Amino acid sequence: MEQVFFFYFAIVIAVTAVLVVAVRNPIYSALSLLIMFFHVAGLYVMLHAEFLAAVQIIVYAGAILVLYLFVVMLLNLRQDDRYHRQWPMVAAVGVTLVIEAIVLTAMKGWTSPVVAAGTETTVGGVGNAEAIGDVLYTTYLFPFEVASLILLVAMIGAILVAKKHIGGDAPQL
Amino acid sequence: MTIPLSYYLVLSGIVFLTGVVGVLLRRNIIIILLSIELMLNATNINFVAFSQYFHDIAGQVFVFFALTVAAAEVAVGLAIIIALYRAKSTINIDELQLLKW
Chain A
52 MEQVFFFYFA
62 IVIAVTAVLV
72 VAVRNPIYSA
82 LSLLIMFFHV
92 AGLYVMLHAE
102 FLAAVQIIVY
112 AGAILVLYLF
122 VVMLLNLRQD
132 DRYHRQWPMV
142 AAVGVTLVIE
152 AIVLTAMKGW
162 TSPVVAAGTE
172 TTVGGVGNAE
182 AIGDVLYTTY
192 LFPFEVASLI
202 LLVAMIGAIL
212 VAKKHIGGDA
222 PQL
Chain B
6 MTIPLSYYLV
16 LSGIVFLTGV
26 VGVLLRRNII
36 IILLSIELML
46 NATNINFVAF
56 SQYFHDIAGQ
66 VFVFFALTVA
76 AAEVAVGLAI
86 IIALYRAKST
96 INIDELQLLK
106 W
């Protein structure tokens with residue numbers, strides 16, 4: 052039963068990921084990425100990361116993708132976008148990576164690595180969100196603060212870059 | 006756990022490869038940013054799969070930080086795209102050659 056769910060999620064994720072790149076209309080691209088985000092959230096639930104599944108839907112599907120769609124519709128793109136002329140290089144990079152993946156898989160086989168004993172708070176036992184918060188606010192407190200600083204810098208940077216003039220001229224869009 | 010770890014890694018590899026190809030192949034900057042999102046999601050799947058497999062919740066914490074970086078990247082990237090579109094009236098990267106020498 053678990054395998055049925057996994058293969059459903061995996062196939063939909065792979066197909067929508069390819070669609071994001073292959074479809075010509077950027078809106079269809081963004082919408083297939085939305086479907087992919089939902090199925091990745093389903094994969095997280097299968098992996099017992101329920102809190103991350105909720106965050107994936109709220110932040111990725113709810114905030115990031117809406118921002119993308121907003122910009123796509125703001126710019127009102129024409130559909131004359133074709134693939135890049137440098138596709139031989141793309142094929143070279145892609146084929147190289149595929150061969151590398153196949154070689155690595157063939158070398159290591161399909162056996163799973165040895166399970167190490169968890170040093171941090173283990174998954175399960177207490178609730179998932181509780182366990183994450185426990186680790187996030189003790190062991191990773193400093194990276195957490197740095198992340199908030201990154202968000203602040205990104206917010207100020209986005210406002211400064213997208214704003215036409217600080218003095219406040221008439222917008223040209 | 007009935008699903009082996011390798012299945013998740015292969016799925017993540019497929020998604021990451023698709024993102025790399027998208028960055029190299031497409032000419033629309035917005036699609037390129039979407040492909041970067043694909044790559045970030047592939048690493049997130051990896052993180053969560055390993056976190057579950059090793060029973061160590063630190064992997065899920067790092068997904069949080071990846072999410073933070075993704076949000077910041079999207080905000081700044083889209084702001085840059087809007088500024089570029091104002092200046093050049095295009096977002097086709099073949100026509101944006103300001104930094105080329």
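For the record, the sequence lines run as chains A and B. Just so we're aligned, residue 52 is where the first sequence starts under my numbering, counting upward by one. Just so we're aligned, residue 6 is where the second sequence starts under my numbering, counting upward by one. Glycine included, C-beta positions come from ideal geometry on N, C-alpha and C. These figures come from a predicted structure and were not determined experimentally.
Three-state secondary structure (DSSP) of residue i
i      : result
A/R75  : coil
B/N97  : strand
B/N33  : strand
B/M44  : helix
A/E171 : Per-residue confidence for A/E171 stands at a pLDDT of 48, beneath the threshold of 50, marking its modelled position as unreliable; no derived number is given.
A/I86  : helix
A/M52  : coil
B/L104 : coil
B/Q57  : helix
B/P9   : coil
B/I85  : helix
A/I109 : helix
B/F62  : Reading off the sequence shown, one finds Ile at residue 62 of chain B, where the question assumed Phe. The answer is coil: DSSP assigns B/I62 none of H, G, I, E or B.
Any C-beta of chain B under 8 Å from that of residue i
i      : result
A/P194 : yes
A/Y119 : yes
A/L98  : yes
A/P77  : yes
A/L126 : yes
A/F89  : no
A/E171 : Confidence in A/E171 is poor, its pLDDT being 48 and thus under 50, which makes the residue's placement unreliable; the coordinate value appears in the next sentence. Cβ-Cβ to chain B under 8 Å: yes for A/E171.
A/Y191 : yes
A/G208 : yes
A/M140 : yes
A/V69  : yes
A/G145 : yes
A/L85  : no
A/E53  : yes
A/Y95  : yes
Enclosing alpha helix (DSSP H) for residue i [first to last residue]
i      : result
A/P194 : L192 to A213
A/D185 : N179 to L187
A/Y119 : L116 to L126
A/A100 : Looking at the DSSP string, A/A100 is not in any alpha helix (DSSP H), and its letter there is neither H nor E.
Interface flag, residue i vs chain A, CB-CB below 8 Å
i      : result
B/L30  : yes
B/A75  : yes
B/I87  : yes
B/I62  : yes
B/T23  : yes
B/Q65  : yes
B/N51  : no
B/E100 : no
B/A71  : no
B/L43  : yes
B/T48  : no
B/A54  : yes
B/L103 : no
Close beta carbons around residue i, own chain, < 8 Å, minus the five adjacent residues each side
i      : result
A/G93  : F56, F60 and A104
A/L116 : A81, L84, L85 and F88
A/V66  : none
B/L10  : A54, F55 and Y58
Cβ shell of residue i (< 7 Å), same chain only, five flanking positions each side left out
i      : result
B/G64  : F52, V53, F55 and S56
B/L43  : V20, T23, G24 and G27
A/Q107 : F88, V91, A92 and Y95
B/L45  : A71 and A75
Residues near residue i in its chain [Cβ-Cβ closer than 6 Å; skip 5 each side]
i      : result
A/A205 : none
A/L120 : A81
beta-carbon residue i near the ligand GDP non-hydrogen atom, thresh 7 Å
i      : result
A/F193 : Within the structure as shown, the ligand GDP is missing, as the structure has no ligands at all.
(request) Decide yes or no for the touch test of the region 184-204 of chain A against the region 48-60 of chain B: beta carbon pairs closer than 8 Å, at least 3 of them. (result) no
(request) May I ask you to verify whether the region 65-78 of chain B touches the region 39-52 of chain B, counting CB pairs closer than 8 Å and requiring at least 3? (result) Two segments are said to touch when three or more pairs of C-beta atoms, one from each, lie closer than 8 Å; by this definition the region 65-78 of chain B touches the region 39-52 of chain B.
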